[in-house]
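K.L.:
Take a look at this one; I'll ask things after.
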Amino acid sequence: MGGLVNEITVELTIPYSQIPDFPVSTVDGHSGQLIFGQLGGKNVLAMQGRFHYYEGYSMKEVTFPVRVMKMLGINTLFVSNASGGLNPDYKVGDVIIISDHINFFPEHPLRGKNINELGTRFPDMSKSYDPHLRNRAKAIALKNGIAVREGVYVGVSGPTFETPAEYLMFRHLGADIVGMSTVPEVIVARHMEMTVFGISIVTDSGVPGQIVEISHEEVQEVAMKAEPNMTLILRELVAGL
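Going by UniProt numbering, the residue at position 44 of the sequence shown is 44; the numbering climbs one at a time, nothing skipped.
In C-alpha coordinates, the structure reads:
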(Lines of atoms letter the chains of each structure in order from A and count residues from 1; the text may use other names and numbers.)
(Lines give C-alpha, C1' and ligand atoms only; values in the text may rest on other atoms or scores of the structure.)
Protein backbone atom coordinates (compact mmCIF):
# COMPACT_ATOMS: atom_id res chain seq x y z
CA MET A 1 0.00 0.00 0.00
CA GLY A 2 2.42 2.64 -1.24
CA GLY A 3 0.10 5.05 -3.07
CA LEU A 4 1.02 7.95 -0.81
CA VAL A 5 4.55 7.77 -2.19
CA ASN A 6 3.22 8.98 -5.54
CA GLU A 7 2.06 12.19 -3.83
CA ILE A 8 5.55 13.00 -2.52
CA THR A 9 7.84 15.43 -4.34
CA VAL A 10 10.88 13.18 -4.14
CA GLU A 11 14.24 14.72 -3.31
CA LEU A 12 16.24 11.60 -2.46
CA THR A 13 15.77 7.81 -2.46
CA ILE A 14 18.03 5.36 -0.66
CA PRO A 15 17.62 1.60 -1.21
CA TYR A 16 17.50 -0.36 2.03
CA SER A 17 20.39 -2.47 0.76
CA GLN A 18 22.64 0.61 0.90
CA ILE A 19 21.85 1.42 4.55
CA PRO A 20 24.01 -0.31 7.19
CA ASP A 21 22.07 -2.77 9.41
CA PHE A 22 18.80 -2.16 7.51
CA PRO A 23 16.77 -5.32 6.74
CA VAL A 24 15.49 -5.95 3.21
CA SER A 25 11.86 -6.93 2.65
CA THR A 26 11.20 -10.39 1.20
CA VAL A 27 7.47 -9.91 0.47
CA ASP A 28 6.12 -9.41 -3.05
CA GLY A 29 4.53 -5.97 -3.39
CA HIS A 30 6.80 -4.42 -0.78
CA SER A 31 9.52 -2.27 -2.35
CA GLY A 32 12.68 -1.52 -0.45
CA GLN A 33 13.76 2.10 -0.18
CA LEU A 34 13.59 5.22 1.94
CA ILE A 35 12.09 8.23 0.20
CA PHE A 36 12.90 11.76 1.35
CA GLY A 37 10.84 14.64 0.00
CA GLN A 38 7.97 17.09 0.40
CA LEU A 39 4.28 16.37 1.00
CA GLY A 40 1.75 19.10 1.68
CA GLY A 41 4.57 21.57 2.26
CA LYS A 42 6.16 19.36 4.93
CA ASN A 43 9.45 17.48 4.94
CA VAL A 44 8.67 13.76 5.01
CA LEU A 45 10.45 10.43 5.07
CA ALA A 46 8.52 7.47 3.69
CA MET A 47 9.29 3.77 3.83
CA GLN A 48 8.42 2.13 0.54
CA GLY A 49 8.22 -1.41 1.84
CA ARG A 50 8.18 -2.58 5.45
CA PHE A 51 9.53 -5.54 7.40
CA HIS A 52 7.39 -8.22 8.99
CA TYR A 53 8.14 -10.51 11.91
CA TYR A 54 7.02 -13.53 9.84
CA GLU A 55 9.88 -12.92 7.41
CA GLY A 56 12.26 -14.15 10.08
CA TYR A 57 13.50 -10.82 11.42
CA SER A 58 13.81 -10.16 15.12
CA MET A 59 11.62 -7.48 16.67
CA LYS A 60 14.64 -5.19 16.95
CA GLU A 61 15.18 -5.53 13.19
CA VAL A 62 11.48 -4.97 12.39
CA THR A 63 11.45 -1.76 14.43
CA PHE A 64 14.94 -0.51 13.58
CA PRO A 65 13.61 1.90 10.88
CA VAL A 66 11.46 3.68 13.49
CA ARG A 67 14.55 4.20 15.63
CA VAL A 68 16.33 5.66 12.61
CA MET A 69 13.43 8.02 11.90
CA LYS A 70 13.50 9.35 15.45
CA MET A 71 17.26 9.89 15.28
CA LEU A 72 16.70 11.89 12.07
CA GLY A 73 14.39 14.23 13.96
CA ILE A 74 11.00 12.80 13.02
CA ASN A 75 8.43 13.13 15.80
CA THR A 76 5.20 11.97 14.10
CA LEU A 77 4.74 8.46 12.68
CA PHE A 78 1.98 7.51 10.25
CA VAL A 79 1.39 3.77 9.81
CA SER A 80 -0.93 1.98 7.40
CA ASN A 81 -1.81 -1.64 6.81
CA ALA A 82 -4.21 -4.16 5.33
CA SER A 83 -6.34 -6.09 7.79
CA GLY A 84 -8.96 -8.77 8.21
CA GLY A 85 -12.31 -7.56 9.47
CA LEU A 86 -13.63 -9.01 12.75
CA ASN A 87 -16.42 -6.54 13.45
CA PRO A 88 -19.62 -7.69 11.70
CA ASP A 89 -20.42 -4.06 10.83
CA TYR A 90 -17.25 -3.78 8.72
CA LYS A 91 -17.17 -4.52 5.00
CA VAL A 92 -14.28 -5.41 2.71
CA GLY A 93 -12.80 -2.14 1.43
CA ASP A 94 -13.69 -0.12 4.54
CA VAL A 95 -11.13 2.41 5.82
CA ILE A 96 -10.51 2.06 9.56
CA ILE A 97 -8.83 4.64 11.80
CA ILE A 98 -6.97 2.66 14.45
CA SER A 99 -7.99 3.72 17.96
CA ASP A 100 -5.99 1.15 19.94
CA HIS A 101 -4.26 -2.20 19.55
CA ILE A 102 -3.84 -5.62 21.16
CA ASN A 103 -0.35 -7.07 21.01
CA PHE A 104 -0.45 -10.78 20.14
CA PHE A 105 3.12 -11.07 18.88
CA PRO A 106 5.21 -13.73 20.68
CA GLU A 107 8.19 -11.37 21.11
CA HIS A 108 8.03 -7.84 22.55
CA PRO A 109 10.11 -5.19 20.74
CA LEU A 110 11.26 -3.66 24.06
CA ARG A 111 12.38 -6.96 25.58
CA GLY A 112 15.95 -6.80 26.88
CA LYS A 113 18.10 -4.14 28.44
CA ASN A 114 16.52 -0.69 28.13
CA ILE A 115 18.46 2.18 26.58
CA ASN A 116 17.41 5.13 28.71
CA GLU A 117 18.48 7.63 26.05
CA LEU A 118 15.77 6.20 23.77
CA GLY A 119 12.94 5.99 26.27
CA THR A 120 11.70 4.87 29.65
CA ARG A 121 11.80 1.22 30.77
CA PHE A 122 8.00 1.06 31.16
CA PRO A 123 6.36 3.34 28.56
CA ASP A 124 2.70 4.30 28.87
CA MET A 125 0.49 2.97 26.06
CA SER A 126 -2.86 4.43 27.14
CA LYS A 127 -2.98 6.87 24.22
CA SER A 128 -0.88 5.09 21.62
CA TYR A 129 -2.87 6.50 18.68
CA ASP A 130 -3.10 10.27 18.98
CA PRO A 131 -6.72 11.39 19.67
CA HIS A 132 -6.17 14.79 17.99
CA LEU A 133 -4.96 13.23 14.73
CA ARG A 134 -7.79 10.69 14.82
CA ASN A 135 -10.36 13.48 15.15
CA ARG A 136 -8.74 15.45 12.36
CA ALA A 137 -8.76 12.37 10.13
CA LYS A 138 -12.48 11.86 10.74
CA ALA A 139 -13.13 15.51 9.88
CA ILE A 140 -11.11 15.20 6.66
CA ALA A 141 -13.02 12.04 5.71
CA LEU A 142 -16.38 13.71 6.40
CA LYS A 143 -15.44 16.76 4.31
CA ASN A 144 -14.50 14.53 1.38
CA GLY A 145 -17.42 12.13 1.63
CA ILE A 146 -15.28 9.19 2.73
CA ALA A 147 -16.87 6.70 5.10
CA VAL A 148 -14.47 5.76 7.89
CA ARG A 149 -14.76 3.84 11.13
CA GLU A 150 -12.62 3.63 14.25
CA GLY A 151 -11.51 0.28 15.60
CA VAL A 152 -9.08 -1.80 17.64
CA TYR A 153 -6.33 -3.62 15.72
CA VAL A 154 -4.89 -6.91 16.97
CA GLY A 155 -1.37 -7.66 15.75
CA VAL A 156 -0.36 -11.28 15.15
CA SER A 157 2.84 -12.90 13.90
CA GLY A 158 1.53 -14.64 10.74
CA PRO A 159 2.25 -15.70 8.05
CA THR A 160 -0.88 -17.86 8.06
CA PHE A 161 -4.23 -16.15 7.81
CA GLU A 162 -6.33 -16.75 10.91
CA THR A 163 -8.53 -19.78 11.53
CA PRO A 164 -12.27 -19.27 12.12
CA ALA A 165 -11.71 -20.03 15.81
CA GLU A 166 -8.93 -17.45 16.03
CA TYR A 167 -11.11 -14.80 14.36
CA LEU A 168 -13.81 -15.51 16.92
CA MET A 169 -11.34 -15.37 19.82
CA PHE A 170 -9.91 -12.01 18.73
CA ARG A 171 -13.41 -10.58 18.38
CA HIS A 172 -14.28 -11.69 21.91
CA LEU A 173 -11.08 -10.01 23.13
CA GLY A 174 -12.35 -6.69 21.76
CA ALA A 175 -10.57 -6.45 18.40
CA ASP A 176 -12.25 -5.08 15.27
CA ILE A 177 -9.51 -5.88 12.75
CA VAL A 178 -6.47 -8.19 12.63
CA GLY A 179 -3.16 -7.99 10.81
CA MET A 180 0.52 -8.96 10.81
CA SER A 181 2.28 -5.62 11.31
CA THR A 182 2.07 -2.14 12.88
CA VAL A 183 1.97 -3.01 16.60
CA PRO A 184 5.76 -3.45 17.05
CA GLU A 185 6.50 -0.18 15.23
CA VAL A 186 3.90 1.71 17.28
CA ILE A 187 5.28 0.36 20.56
CA VAL A 188 8.79 1.50 19.67
CA ALA A 189 7.52 4.88 18.46
CA ARG A 190 5.69 5.45 21.74
CA HIS A 191 8.79 4.29 23.65
CA MET A 192 10.51 7.30 22.06
CA GLU A 193 7.48 9.56 22.67
CA MET A 194 6.60 9.92 18.99
CA THR A 195 3.06 10.90 18.03
CA VAL A 196 1.33 8.08 16.12
CA PHE A 197 -1.55 7.85 13.67
CA GLY A 198 -2.68 4.49 12.27
CA ILE A 199 -5.05 3.65 9.43
CA SER A 200 -6.11 0.34 7.89
CA ILE A 201 -8.02 -1.06 4.91
CA VAL A 202 -10.20 -4.13 5.50
CA THR A 203 -9.17 -6.56 2.76
CA ASP A 204 -10.98 -9.71 3.87
CA SER A 205 -13.62 -10.79 6.39
CA GLY A 206 -13.16 -12.95 9.47
CA VAL A 207 -16.81 -12.69 10.47
CA PRO A 208 -18.50 -16.09 10.90
CA GLY A 209 -20.48 -16.94 7.79
CA GLN A 210 -18.42 -14.53 5.65
CA ILE A 211 -15.03 -16.25 5.76
CA VAL A 212 -13.68 -17.33 2.37
CA GLU A 213 -10.28 -18.60 1.28
CA ILE A 214 -8.02 -15.62 0.58
CA SER A 215 -4.62 -15.12 -1.05
CA HIS A 216 -1.96 -12.43 -0.58
CA GLU A 217 -2.61 -11.28 -4.15
CA GLU A 218 -6.33 -10.80 -3.44
CA VAL A 219 -5.48 -8.80 -0.32
CA GLN A 220 -3.26 -6.52 -2.41
CA GLU A 221 -5.99 -6.07 -5.03
CA VAL A 222 -8.60 -4.94 -2.48
CA ALA A 223 -6.07 -2.64 -0.80
CA MET A 224 -5.23 -0.95 -4.10
CA LYS A 225 -8.90 -0.20 -4.81
CA ALA A 226 -9.45 1.45 -1.44
CA GLU A 227 -6.05 3.12 -1.28
CA PRO A 228 -7.02 6.48 -2.88
CA ASN A 229 -9.34 7.30 0.04
CA MET A 230 -6.67 6.41 2.59
CA THR A 231 -4.07 8.40 0.66
CA LEU A 232 -6.27 11.51 0.60
CA ILE A 233 -6.76 11.36 4.38
CA LEU A 234 -3.04 10.91 5.04
CA ARG A 235 -2.04 13.66 2.61
CA GLU A 236 -4.33 16.21 4.25
CA LEU A 237 -3.30 15.12 7.74
CA VAL A 238 0.36 15.70 6.91
CA ALA A 239 -0.39 19.07 5.29
CA GLY A 240 -2.12 20.19 8.49
CA LEU A 241 0.73 19.35 10.86
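Even glycine gets a Cβ: it sits at the ideal position worked out from N, Cα and C. Because the structure is a prediction, the values reported are computed rather than measured.
1. In angstroms, rounded to a whole number, what distance separates the CA positions of L39 and G209?
2. Going by the CB atoms, is the gap between I177 and S200 shorter than 8 Å?
3. For A189, I'd like the list of residues in its chain whose CB is within less than 6 Å of its CB, leaving aside the five on either flank, ordered along the chain.
4. Between G119 and E193, is the Cβ-Cβ spacing less than 8 Å?
5. Could you compute how far the alpha carbon of H115 sits from the alpha carbon of M47?
6. In terms of residue numbering, what span does the beta strand (DSSP E) encompassing E185 cover?
7. Just the C-alpha distance for F161 and L142, rounded to the nearest angstrom, thanks.
8. Measure the C-alpha to C-alpha separation of V238 and L4 and round it to an integer number of angstroms.
9. Let me check one thing: in DSSP terms, what residues is G155 bridge-paired to?
P.N.:
Considering the structure as presented:
1. 42 Å
2. yes
3. V66, L77 and V196
4. yes
5. Note that residue 115 is Ile in the sequence shown here, rather than His. Going by the C-alpha atoms only, they are around 25 Å apart.
6. First-last for E185: V183 to H191, but that is the alpha helix (DSSP H), not the beta strand (DSSP E).
7. 32 Å
8. 11 Å
9. N103 and G179
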